[in-house]
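710 is the number of the first residue of the first sequence in this note's numbering; add one for each residue after it.
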Amino acid sequence: MDAGRPVGKHRVPMSDDHRPGIPYRFERTASAAGIRAAHPELAAGAGTGEVVSVAGRLMLRREQGKIAFGELRDQSGSIQLFAGAKWTADFDGFVELDLGDWIGATGEVVATRTGELSVRVEHWVLLAEARRSFGDKWHGITDPDLRYRQRYADLWANEESRETLLLRSRMTSLTRRFMEDRGFVEVETPVLHLLPGGATARPFTTHHNALDLDLYLRIALELHLKRLVVGGIERVFEIGRVFRNEGLSPRHNPEFTMLEAYQAYADYHDIMELVEQLVAHLATELAGTTTIHYAGRTLELAPPWRRATMLEAVAEHAGVEVDLTTPVAELRAVAAARGVPVDDRWGPGKLILELYEKTTEGELWGPVFVTDYPKEVSPLARDHRSTPGMVERFEAIVAGRELCNAFSELNDPDEQRRTFEAQARAKAAGDEEAMPTDDDYLRALEYGLPPTGGLGIGMDRLAMLLTGAETIRDVVAFPTLRPEQA
RNA sequence: GCGCCUCUAGCUCAACGGCAGAGCAACGGACUCUUAAUCCGCAGGUUGGGGGUUCGAAUCCCCCGGGGCGCACCA
């Protein structure tokens, strides 16, 4: 479990009287990637006259008597260090460095006799010693437990871990710019909620001492963002952490990141266009193409994506034509025939949703917008303009998974009150996840919410898609794990 | 929460009822152009923890703990 006790006898911690002279700062003048970019084709054996200072971790070392080579890795990449007894100050000390030690080194950029771009070390300084080793220099660290618990070691030992983290960062940054370019304003709304609203999920609870008040960690951003639209912020978004007190799996972490966006005067058709453009843009910027590979299959993300109603999708994959007028007894029989467990309290809407989720969603490789959900399971979405009992809601399904959830927002306070009341009845009947009535939100709607299209995207799952990760733990720097010592 | 799989040296892995091993790292040494450098030498273990079966257990059984996958819940 423990990757590396202190190893090697000089790894014994020194007494305070004998601390090595670790400087407080180091003036770095070049990065590994910067040096490579500046000298793409330096001839073997050539010098440049350019003296640089680099810093990073010593990842490999090859000694050869009076000379030695090292691989210095910084955030940008790696560069070879070339040291020799004739020109390197404290050459013996350089040779005694351990793999993993942080050092700073100064010298001329040269190409060795074999053509490897290098820094010919004249001076070097120890910046931090690695008292623990980073594992096998060829195999790295593969034990998933160790990788997730000690991400700091994983990031050095495994290139893919670092690339994934950096790609996710660029994805978030590109998303912000994409939204801002379309006039969306980024805001921050409370994490501590009086009521766990905006989604159906079990919340985490916490307590504020001074107010002696039980609070919930948010399960969605939705209701506060729509309050801001009421307040006149016509295009608003937030990229924020939400928390759901549910099981862990390769696709679920208890805290995850949502992008939610609300656009006044727009409907769910406008939001579909926004989603397909955003995802295609990210793929193009990050992967260089909209044709990406995931789980051994190909995904074409270029717009326009297919649109299919939930009932059409169910008809295709479950092989059964149903709708909201189908008798409940018949829907139960259809579900039973396909091994979908049902609850006596469910109405036709919930039965159809379950049928869809259990028989169809996982089969959709996509990308596809599955549209028009039953009102019964969509308390915050607006009635469909032409199909009774349905709402204007869609989910984008990519690789068999929900990537986003969006709708034409319900903006009629009276209708919203009725759907909250229906939720309250469901809760009274035993549905733990039913949404509580939020009176302040109703009051906001009474001030007037214009026609608005809204969107929620799971950024972790988007990152999985764009990095090829098959588990959410690979795109979360520090995934939730059981404590190390039970 | 349930089921299946898994845990051996710091790391990556062998041994699968009969003497716990290798490579890398570490430690000592050789080597003036290496690329996972090479070579010589030396050390490294409560086989996740506990209990049981057996002449003998890393190996078989039971309990506990960590992890992975699936189910349930969900995004």
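Every residue gets a Cβ at the ideal spot worked out from N, C-alpha and C, and that includes glycine.
Local Cβ density within 10 Å of Y1150, reported as buried at 16 or more and exposed below that: Residue numbering aside, residue 1150 sits at position 441 when the first sequence is read from its first letter. When all chains shown are included, Y1150 counts as buried.
What does a CB cutoff of less than 8 Å around M880 pick up in its chain, not counting 5 residues either side in sequence? Along the first sequence, read from residue 1 onward, the residue named residue 880 stands at position 171. Closer than 8 Å at the Cβ level, and outside the excluded window around M880, lie L991, L995, M1168, L1171, A1172, L1175.
Where does L826 land, buried or exposed, given buried means 16+ other C-beta within 10 angstroms? Residue numbering aside, residue 826 sits at position 117 when the first sequence is read from its first letter. Counting Cβ neighbours within 10 Å, L826 comes out buried, since at least 16 surround it.
In or out: V761 buried (at least 16 other Cβ within 10 Å) or exposed? As a first step, residue 761 is located in the first sequence; it is residue number 52 there, counting from the start. Counting Cβ neighbours within 10 Å, V761 comes out buried, since at least 16 surround it.
Pull up the distance between the alpha-carbon of L864 and that of I850, whole angstroms please. Working through the first sequence from its first residue, we reach residue 864 at position 155. Working through the first sequence from its first residue, we reach residue 850 at position 141. Rounded to the nearest angstrom, the two C-alpha atoms are 10 Å apart.
Inter-residue Cα distance where the pair is V834 and F791: Numbered from 1 along the first sequence, position 125 holds the residue referred to as residue 834. Numbered from 1 along the first sequence, position 82 holds the residue referred to as residue 791. Approximately 15 Å between the Cα atoms of the pair.
4 or more residues per run - each alpha helix (DSSP H) lying fully within the region 930-958: 931-939
Go to Q789, then tell me how far its beta strand (DSSP E) extends in each direction, as first and last residue. Sequence index remark: in the first sequence, residue 789 carries index 80 (1-based). Unbroken beta strand (DSSP E) run through Q789: 786-793.
For V830 and L937, what's the separation of their Cα atoms in angstroms? Numbered from its first residue, the first sequence carries residue 830 at position 121. Numbered from its first residue, the first sequence carries residue 937 at position 228. Cα to Cα, the separation comes out at about 58 Å.
Name the DSSP beta bridge partners of E1265, please? The question about residue 1265 has no answer here: the residues shown for the chain are numbered 710 through 1195.
For N867, I'd like the list of residues in its chain whose CB is within less than 6 Å of its CB, leaving aside the five on either flank, ordered along the chain. On the first sequence, position 158 is the one that residue 867 refers to. Around N867: G849.
If you follow the beta strand (DSSP E) that R1015 is part of, which residue opens it and which one closes it? Taking the first sequence and counting its residues from 1, one reaches residue 1015 at position 306. Start and end: 1015-1018.
Q986 versus D923 - alpha carbon distance: Residue 986 sits at position 277 when you count from the first residue of the first sequence. Residue 923 sits at position 214 when you count from the first residue of the first sequence. The straight-line gap from Cα to Cα measures roughly 41 Å.
Would you report the Cα separation of M768 and A777, rounded to the nearest angstrom? To locate residue 768, count along the first sequence from 1; it is residue 59. To locate residue 777, count along the first sequence from 1; it is residue 68. One C-alpha to the other measures close to 13 Å.
Answer with buried or exposed for N1114, where buried requires no fewer than 16 other C-beta atoms within 10 angstroms of its C-beta. Position 405 of the first sequence, counted from the start, is the residue given in the question as residue 1114. By the neighbour-count rule (16 or more Cβ atoms within 10 Å), N1114 is buried.
Bridge partners - F1129, DSSP secondary structure assignment: Position 420 of the first sequence, counted from the first residue, corresponds to residue 1129. None, per the DSSP bridge assignment.
Whether R822 touches G754 by CB criterion (8 Å): As a working note, residue 822 is residue 113 in the first sequence. As a working note, residue 754 is residue 45 in the first sequence. It is a contact, given that the beta carbons lie within the stated cut-off.
Opening and closing residue of the alpha helix (DSSP H) in which F965 lies: Numbered from 1 along the first sequence, position 256 holds the residue referred to as residue 965. First-last for F965: 964-973, but that is the beta strand (DSSP E), not the alpha helix (DSSP H).
N1120 bridges to which residues according to DSSP? Here residue 1120 refers to the residue found at position 411 when the first sequence is read from its first residue. For N1120, which the question treats as bridged, DSSP gives no partner whatsoever.
If you pair each beta-carbon of the region 1132-1139 with each one of the region 940-958, do three or more pairs fall below 8 Å? no
Among the candidates W1055, E1039, I1061, A1027, whose CA atom is the shortest distance from the CA of R1047? On the first sequence, residue 1047 is found 338 positions in, with the first residue counted as 1. The shortest C-alpha separation from R1047 is found at A1027.
Taking the alpha-carbon of L808 as reference, which of R944, S842, T797, D799 has the nearest alpha-carbon? Against the first sequence, residue 808 aligns to sequence position 99. Minimum Cα distance to L808 is reached at S842.
Tell me, to the nearest whole angstrom, how far the beta carbon of K935 is from that of G1163; I am working on the premise that it is less than 8 Å. Stepping through the first sequence from its first residue, residue 935 is reached at position 226. Stepping through the first sequence from its first residue, residue 1163 is reached at position 454. Indeed they touch by this definition, with Cβ atoms about 7 Å apart.
Leaving aside the five residues before and after L903 along the sequence, list all residues of the same chain whose C-beta is less than 7 Å from its C-beta, in chain order. Against the first sequence, residue 903 aligns to sequence position 194. Here the set comprises L924.
By how many angstroms is the C-alpha of V763 removed from the C-alpha of Q784? Within the first sequence, numbered from 1, the residue matching residue 784 stands at position 75. Within the first sequence, numbered from 1, the residue matching residue 763 stands at position 54. So the alpha carbons of these two residues sit roughly 11 Å apart.
Provide the residue(s) that pair with G694 in DSSP beta bridges, ordered along the chain. Outside the shown range of the chain (710 to 1195) lies residue 694, about which nothing can therefore be said.
Identify whether P1083 lies in helix, strand or coil by the three-state DSSP scheme. Within the first sequence, the letter at position 374 stands for residue 1083. In this structure, P1083 counts as strand in the three-state DSSP scheme.
Ignore the nearest five residues each way along the sequence and tell me which others in F893's own chain have a CB closer than 7 Å to its CB. By 1-based counting over the first sequence, the position of residue 893 is 184. Within the same chain, F893 has close Cβ partners R944, V945, F946, A970.
Using C-beta distances below 8 Å, list every residue in its chain close to V1049, excluding the 5 sequence neighbours before and after it, in chain order. In the first sequence, residue 1049 corresponds to position 340, counting from 1. E1063, L1064, K1067, T1068.
Using a Cβ-Cβ cutoff of less than 6 Å, which residues in the same chain neighbour Q972 once the five nearest sequence positions on both sides are dropped? Residue mapping note: residue 972 aligns to position 263 of the first sequence, counting from 1. Cβ within range, chain order: R944, G1162.
Pull up the distance between the alpha-carbon of G817 and that of A837, whole angstroms please. One-based indexing of the first sequence puts residue 817 at position 108. One-based indexing of the first sequence puts residue 837 at position 128. The question names Gly, but residue 817 is Glu in the sequence shown. Between E817 and A837, the C-alpha separation is close to 23 Å.
Taking the C-alpha atoms as reference points, what is the distance between V1079 and G813? Here residue 1079 corresponds to residue number 370 of the first sequence, with the count starting at 1. Here residue 813 corresponds to residue number 104 of the first sequence, with the count starting at 1. Each residue's Cα considered, the two are about 55 Å apart.
For R782, name the three-state secondary structure that DSSP assigns. Position 73 of the first sequence, counting from 1, holds the residue named residue 782. Strand.
Between which two residues does the alpha helix (DSSP H) containing T873 stretch? On the first sequence, residue 873 is found 164 positions in, with the first residue counted as 1. Looking at the DSSP string, the run of the alpha helix (DSSP H) that includes T873 is 868-890.
Every unbroken beta strand (DSSP E) inside the region 802-858 [3 residues or more]: 811-820, 826-837
Within its chain, find whatever has a CB closer than 8 Å to the CB of L1060; leave out the 5 residues flanking it on each side and keep chain order. Taking the first sequence and counting its residues from 1, one reaches residue 1060 at position 351. Cβ within range, chain order: V1037, L1040, R1041, A1044, V1051.
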